[in-house]
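*Asks:* Let me begin by handing over the structure; questions about it come next.
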Amino acid sequence: MKNIEEVISYHANFIPKKEANELFEHLMEIEELTRMMEITTFAGVHFKFDFGKIMFLDKDLIEQNKFPETVWGHNRIWSEQMLALKSQVEDFTGEKFKTCVCIYYPDGNAGVDYHSDKTAYGDTTVIPAISLGEERQFCFRENQTLEKSSMVLNHGSLLIMKADCQESFQHSLPVDPAYKNPRISITFRKFGY
Numbered sequence: 001m002k003n004i005e006e007v008i009s010y011h012a013n014f015i016p017k018k019e020a021n022e023l024f025e026h027l028m029e030i031e032e033l034t035r036m037m038e039i040t041t042f043a044g045v046h047f048k049f050d051f052g053k054i055m056f057l058d059k060d061l062i063e064q065n066k067f068p069e070t071v072w073g074h075n076r077i078w079s080e081q082m083l084a085l086k087s088q089v090e091d092f093t094g095e096k097f098k099t100c101v102c103i104y105y106p107d108g109n110a111g112v113d114y115h116s117d118k119t120a121y122g123d124t125t126v127i128p129a130i131s132l133g134e135e136r137q138f139c140f141r142e143n144q145t146l147e148k149s150s151m152v153l154n155h156g157s158l159l160i161m162k163a164d165c166q167e168s169f170q171h172s173l174p175v176d177p178a179y180k181n182p183r184i185s186i187t188f189r190k191f192g193y
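Quick note, the sequence shown lines up with residues 1 to 193 if you use full-length UniProt numbering.
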């Protein structure tokens, strides 16, 4: 059984407030992110979600259509601001990332239940997550004991889920109507192994 402190690290002021505000405003201007996500499966089943999503990808992944929008939702090549953030995260972690997923939660009525980030498109031993906008409670649940712990992710913070985090814990962003303002989660992911 792992202790949560062994598999995460938290950096409350990773992005200075002014820069975090500017990045938040940049992302809020992207209509594909702030529009609630809808996808249609290959079988023709249509799903609507209570959050918005966009992926930023390396150019080669776009050119090879590795993330078809009908399956993965909207995507685009890194913007200048997101490329700068990617470099900052890579320098800090010593890891290289080819994708990031931005999730827009309009308020506390949107969240996500307990889950682990699966290896859908690459290695998940290190997943950095930037939080922008409204601070929110973020929860972990240990897989064997179901013991829970939580923390508040503030504007401009970096949470790094390290080796064994996805295998030993599930995480969630609980719904809480007390939160009235939007939040954007930016998770950096590797592509391939």
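Glycine is no exception: its CB is placed at the ideal position from the N, C-alpha and C atoms.
Give the straight-line distance between the Cα atoms of Tyr193 and Ala12, rounded to the nearest whole angstrom.
*Replies:* Annotation note: pLDDT 46 at Tyr193 (below 50); position unreliable, coordinate value reported separately. Roughly 30 Å between the two C-alpha positions.
*Asks:* Rounded to whole angstroms, what is the Cα-Cα separation between Leu27 and Asn154?
*Replies:* Approximately 17 Å between the Cα atoms of the pair.
*Asks:* Report back the beta-carbon spacing between Asp123 and Lys2 to the nearest angstrom; my notes put them in contact at under 8 Å.
*Replies:* Not a contact, Cβ separation roughly 19 Å.
*Asks:* List the DSSP bridge partners of Glu38.
*Replies:* DSSP, once it has assigned bridges, lists Lys48 as partnering Glu38.
*Asks:* Taking the beta strand (DSSP E) that Ile4 falls in, what are its first and last residues?
*Replies:* Looking at the DSSP string, Ile4 is not in any beta strand (DSSP E); the run it does join, the alpha helix (DSSP H), is 4-7.
*Asks:* For Tyr114, which of Ile130, Arg141, Lys17, Asp176 has the nearest alpha-carbon?
*Replies:* Of the listed residues, the one whose Cα sits closest to Tyr114 is Arg141.
*Asks:* Could you spell out where the beta strand (DSSP E) holding Asn75 opens and where it closes?
*Replies:* Here the beta strand (DSSP E) through Asn75 covers 74-77.
*Asks:* Between Leu159 and chain E, is any beta-carbon pair separated by less than 7 Å?
*Replies:* Here there is only one protein chain, and chain E is not present.
*Asks:* Just how far apart, CA to CA, sit Lys180 and Leu173?
*Replies:* Whole-angstrom Cα-Cα distance: 15 Å.
*Asks:* Rounded to the nearest angstrom, what separates Asn109 and Ile8 at their Cα positions?
*Replies:* Answer to the nearest angstrom: the Cα atoms are 26 Å apart.
*Asks:* With C-beta atoms as the reference, is residue 214 less than 7 Å away from Leu23?
*Replies:* Any answer about residue 214 is impossible in this case: the structure gives the chain only from 1 up to 193.
*Asks:* On the criterion of 16 or more Cβ atoms from any shown chain inside 10 Å, does Gly73 qualify as buried, or is it exposed?
*Replies:* Buried: at least 16 other Cβ atoms inside 10 Å.
*Asks:* Taking Cβ positions, are Val112 and Phe188 nearer each other than 7 Å?
*Replies:* Not in contact: Val112 and Phe188 (Cβ atoms no closer than 7 Å).
*Asks:* In whole angstroms, what is the alpha-carbon distance linking Arg183 and Thr145?
*Replies:* In a straight line, the C-alpha of Arg183 is about 30 Å away from that of Thr145.
*Asks:* How about Gly156 and Ile15: do their beta carbons lie closer than 7 Å?
*Replies:* Contact flag set, yes.
*Asks:* Three-state secondary structure (DSSP) at Ala84?
*Replies:* Here Ala84 sits in helix by DSSP.
*Asks:* To which residues of the same chain is Met37 closer than 7 Å at the C-beta, ignoring the five residues directly before and after it?
*Replies:* Only Phe49, Phe51, Gly52, Lys53, Gly73 meet the Cβ criterion.
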